[in-house]
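**Student:**
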Amino acid sequence: MEKRWNKGLSAVVVAAGIVGALVPATASAATAEPINWSDCRPGGVEQCGKLTVPLDWSKPGGAKTQIFVARVPAKDQAHKLGSLTFNPGGPGGAGASIFAAGLGDKLFADYRDRYDLVSFDPRGSGSSTALNCGPILRAGVPVFPKSKAQYDAMVASNRATGEQCIKQHGELMRNLDTRTAARDMDAIRAALGEDKLNFIGLSYGSFLGTTYAQLFPQRVGRMVLDGIVDHAQRPTRFMLEEAKVMEETFNRFAEWCDKETACALHGQDVGAVWDKTVARPTRLPCRSLITRRSPATRCGWPCRLCCRRRISSVIPGRRWPTGWHRRSRETARCSPRRATSATTKRRTPPCPAWICPVS
39 MEKRWNKGLS AVVVAAGIVG ALVPATASAA TAEPINWSDC RPGGVEQCGK LTVPLDWSKP
99 GGAKTQIFVA RVPAKDQAHK LGSLTFNPGG PGGAGASIFA AGLGDKLFAD YRDRYDLVSF
159 DPRGSGSSTA LNCGPILRAG VPVFPKSKAQ YDAMVASNRA TGEQCIKQHG ELMRNLDTRT
219 AARDMDAIRA ALGEDKLNFI GLSYGSFLGT TYAQLFPQRV GRMVLDGIVD HAQRPTRFML
279 EEAKVMEETF NRFAEWCDKE TACALHGQDV GAVWDKTVAR PTRLPCRSLI TRRSPATRCG
339 WPCRLCCRRR ISSVIPGRRW PTGWHRRSRE TARCSPRRAT SATTKRRTPP CPAWICPVS
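Heads up: the sequence shown begins at 39 in the working numbering, then just goes up one per residue.
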């Protein structure tokens, strides 16, 4: 967690009274049965379970779906302050899978004494009722088109994926919006037996948090929203501003590598290494970081796609060199110069489970 959080949640909380005064209540609080917890993994402290919720919250007596939830119990149960729910962003960030893999302590070590750490895989993702719409990335279809023909191919591929999703998961697809996710989160709060929701939301998770506060203002406890998403922005402006910030941060990373001998790319043209890495159509084994009960897997796509997502989604968001050391090593590991030796030695560059399809 960033250092600025270490002063405690109280420094950056949204008080329930303030939120309640500003935003009128628009939804009734949920009721839910307690979650049936079991060990996530042998020898671990993490507990996992599933919560059944309405597929469509406007039809509570209708079809159901399941939400995968993970909990890391507080060390001091006698004096704990309740539960602290976490959403890593996304949309679709599988927070429960992250906790189930044992990463809760690494992310929130400072809060483990007084809080039960809780997270969930939003519906349609991770180990919740998931979507299976075929390949998202198709061989030969560019991610960044450079001509009208490539753009048309990308649009056709995206349309095919969307149509397949609707065909296989019509009702679930129609109920994946943020308000629905916020209602799911309130059902988790109720299942935990908590009167109020304590919440940390990063990036898109901040949007989820503000939506929850609008729907359930009297249920807001301590709330930290970091990297707040401006939901009033249109998609084009949002993407342009995000790309600008990512480029600026990548340039700072490159400048840091030029000066820092501990950087794995020190002495190299970091920008050139990056360009060659994402351009090289090399297939390499990739290890899933957060897929539960899944050991090493092989990417169904070129390693460049895994590495591109791994690097682009993490390096630009890191302003502190404490994270850049590791990211520089991962970039070097995925670079073309290392590709042959990595394949020969069966080294497995880490890739997120949501990018590497499990075969």
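Backbone N, C-alpha and C define an ideal beta-carbon position, used for all residues, glycine too.
1. Identify the continuous beta strand (DSSP E) that holds residue 123 and give its terminal residues.
2. Compute the Euclidean distance between the alpha carbons of residue 113 and residue 98, then round it to the nearest angstrom.
3. Where do the N-terminal and C-terminal ends of the alpha helix (DSSP H) with residue 295 fall, by residue?
4. Taking all protein chains shown into account, decide if residue 153 is buried (16 or more other Cβ within 10 angstroms of its Cβ) or exposed.
5. Suppose the cutoff is 6 angstroms on Cβ atoms and the five residues either side in sequence are ignored; what does the same chain contact list for residue 282 look like?
6. Below 8 angstroms on the Cβ atoms is my contact criterion, and I expect residue 124 with residue 165 to pass it. Report the Cβ-Cβ distance as a whole number of Å.
7. Would residue 211 and residue 203 be called neighbours here (beta carbons separated by less than 8 angstroms)?
8. Using CA coordinates, which residue listed in 72, 79 and 81 is at the minimum distance from residue 90?
9. Distance check for residue 264 and residue 182, CA to CA, integer angstroms please.
10. Consult DSSP for residue 157 and reduce its assignment to one of helix, strand or coil.
11. Is it the case that the segment 170-178 contacts the segment 126-134, given that we only count it when at least three CB pairs across the two stretches are under 8 angstroms?
12. Give the list of continuous beta strand (DSSP E) stretches no shorter than 3 residues that lie fully inside the segment 204-247.
13. Would you mind stating whether residue 290 and residue 95 have Cβ atoms separated by less than 8 angstroms?
14. Could you compute how far the alpha carbon of residue 161 sits from the alpha carbon of residue 284?
15. Short of 6 angstroms in beta carbon distance, which residues of its chain neighbour residue 138, apart from the five on each side in sequence? Order them along the chain.
16. I'd like to check one pair, residue 361 with residue 242: are the Cβ atoms closer than 8 angstroms?
17. If you run the structure through DSSP and keep just helix, strand and coil, what is residue 186?
18. Given that a residue counts as buried once 16 or more other Cβ atoms are within 10 Å of its Cβ, and exposed if not, what is residue 398?
19. Can you give me the Cβ contacts of residue 367 inside the same chain, cut-off strictly under 7 angstroms, excluding the 5 residues immediately before and after it?
20. Based on Cα-Cα distance, which residue from 149, 102 and 244 lies nearest to residue 121?
21. Grab the span of the alpha helix (DSSP H) containing residue 142 for me, first residue to last.
22. According to the neighbour-count rule (16 or more other Cβ atoms, all chains shown, within 10 Å of its Cβ), is residue 315 buried or exposed?
23. Please work out which residues of its chain come closer than 6 angstroms, Cβ to Cβ, to residue 111, disregarding the five sequence neighbours upstream and downstream, and give them in chain order.
24. What is the DSSP secondary structure of residue 97, counted as helix, strand or coil?
25. Can you give the Cα-Cα distance for residue 194 and residue 364, rounded to whole angstroms?
26. Taking a contact to mean a Cβ-Cβ separation below 8 angstroms, would you say residue 244 touches residue 258 in this structure?
27. Here's the rule I'm using: 16 or more other beta-carbon atoms within 10 Å means buried, otherwise exposed. How should residue 300 be labelled?
28. Taking the continuous beta strand (DSSP E) assigned at residue 105, which residues delimit it?
29. So, under 8 angstroms CB-CB, residue 369 and residue 294 are touching, yes? Tell me the CB distance rounded to an integer number of Å.
30. Rank 156, 274, 115 and 143 by C-alpha distance to the C-alpha of residue 228 and give the top, closest one.
31. Under the rule that 16 or more other beta-carbon atoms within 10 Å means buried, what is residue 246, buried or exposed?
32. Measure the CB-CB distance between residue 216 and residue 249 and report whether it falls below 8 angstroms.
33. On the DSSP bridge list, what partners appear for residue 171?
**Tutor:** Per the coordinate set shown:
1. Position 85 of the sequence shown holds residue 123. First-last of the beta strand (DSSP E) with residue 123: 121-125.
2. Taking the sequence shown and counting its residues from 1, the one referred to as residue 113 is at position 75. Taking the sequence shown and counting its residues from 1, the one referred to as residue 98 is at position 60. When rounded, the distance between both Cα atoms is 36 angstroms.
3. For the purposes of this step, residue 295 is taken as the residue at position 257 of the sequence shown. It spans 273-297 - the alpha helix (DSSP H) in which residue 295 sits, taken as one unbroken run.
4. Counting from 1 along the sequence shown, the entry for residue 153 is found at position 115. It is buried - the Cβ of residue 153 has at least 16 other Cβ atoms within 10 Å.
5. Counting from 1 along the sequence shown, the entry for residue 282 is found at position 244. Nothing meets the Cβ criterion.
6. Here the question's residue 124 lines up with position 86 in the sequence shown. Here the question's residue 165 lines up with position 127 in the sequence shown. Between residue 165 and residue 124 the Cβ distance is about 16 angstroms, and since that is not below 8 angstroms, they are no contact.
7. Reading the sequence shown from its first residue, position 173 is the one you call residue 211. Reading the sequence shown from its first residue, position 165 is the one you call residue 203. For residue 211 and residue 203, yes; Cβs fall inside 8 angstroms.
8. Taking the sequence shown and counting its residues from 1, the one referred to as residue 90 is at position 52. Among 72, 79 and 81, the Cα nearest to that of residue 90 is on 72.
9. Numbered from its first residue, the sequence shown carries residue 182 at position 144. Numbered from its first residue, the sequence shown carries residue 264 at position 226. The straight-line gap from Cα to Cα measures roughly 29 angstroms.
10. By 1-based counting over the sequence shown, the position of residue 157 is 119. Residue 157 falls in the strand class under three-state DSSP.
11. no
12. 235-240
13. As a first step, residue 290 must be located in the sequence shown, where it is residue number 252. As a first step, residue 95 must be located in the sequence shown, where it is residue number 57. For residue 290 and residue 95, no; Cβs fall outside 8 angstroms.
14. Position 123 of the sequence shown, counted from the start, is the residue given in the question as residue 161. Position 246 of the sequence shown, counted from the start, is the residue given in the question as residue 284. Computed Cα separation, rounded: 28 angstroms.
15. In the sequence shown, residue 138 corresponds to position 100, counting from 1. Here the set comprises 78, 84, 86, 108 and 330.
16. Looking up residue 242 in the sequence shown gives position 204. Looking up residue 361 in the sequence shown gives position 323. Cβ distance not < 8 angstroms, so residue 242 and residue 361 don't count as in contact.
17. As a position in the sequence shown, residue 186 is number 148, starting the count at 1. Helix.
18. Outside the modelled stretch of the chain, which goes from 39 to 397, sits residue 398, for which no answer is possible.
19. Within the sequence shown, the letter at position 329 stands for residue 367. Hits under 7 angstroms: 302.
20. For the purposes of this step, residue 121 is identified with residue 83 of the sequence shown, where counting begins at 1. For residue 121, the nearest C-alpha among the options comes from 149.
21. Position 104 of the sequence shown, counted from the start, is the residue given in the question as residue 142. Residue 142 -> alpha helix (DSSP H) spans 142-146.
22. The residue labelled residue 315 in the question sits at position 277 within the sequence shown. Result: buried.
23. Indexing the sequence shown from 1 puts residue 111 at position 73. Taken in chain order, the residues that qualify are 154.
24. Within the sequence shown, residue 97 is the residue found at index 59, counting from 1. Coil at residue 97, not helix or strand.
25. Working through the sequence shown from its first residue, we reach residue 194 at position 156. Working through the sequence shown from its first residue, we reach residue 364 at position 326. Whole-angstrom Cα-Cα distance: 37 angstroms.
26. Position 206 of the sequence shown, counting from 1, holds the residue named residue 244. Position 220 of the sequence shown, counting from 1, holds the residue named residue 258. No; because the gap between Cβ atoms is not below 8 angstroms, this pair is not in contact.
27. As a working mapping, residue 300 is identified with position 262 in the sequence shown. Under this definition residue 300 is an exposed residue.
28. Position 67 of the sequence shown holds residue 105. Element bounds for residue 105: 102-110.
29. As a working note, residue 369 is residue 331 in the sequence shown. As a working note, residue 294 is residue 256 in the sequence shown. Residue 369 to residue 294, Cβ: 13 angstroms. No contact.
30. Counting from one through the sequence shown, the residue named residue 228 turns up at place 190. That would be 156, whose Cα lies nearest to the Cα of residue 228.
31. For the purposes of this step, residue 246 is identified with residue 208 of the sequence shown, where counting begins at 1. It counts as buried.
32. Residue mapping note: residue 216 aligns to position 178 of the sequence shown, counting from 1. Residue mapping note: residue 249 aligns to position 211 of the sequence shown, counting from 1. Yes, the Cβ-Cβ distance between residue 216 and residue 249 is below 8 angstroms.
33. Looking up residue 171 in the sequence shown gives position 133. In DSSP, residue 171 forms no bridge with anything.
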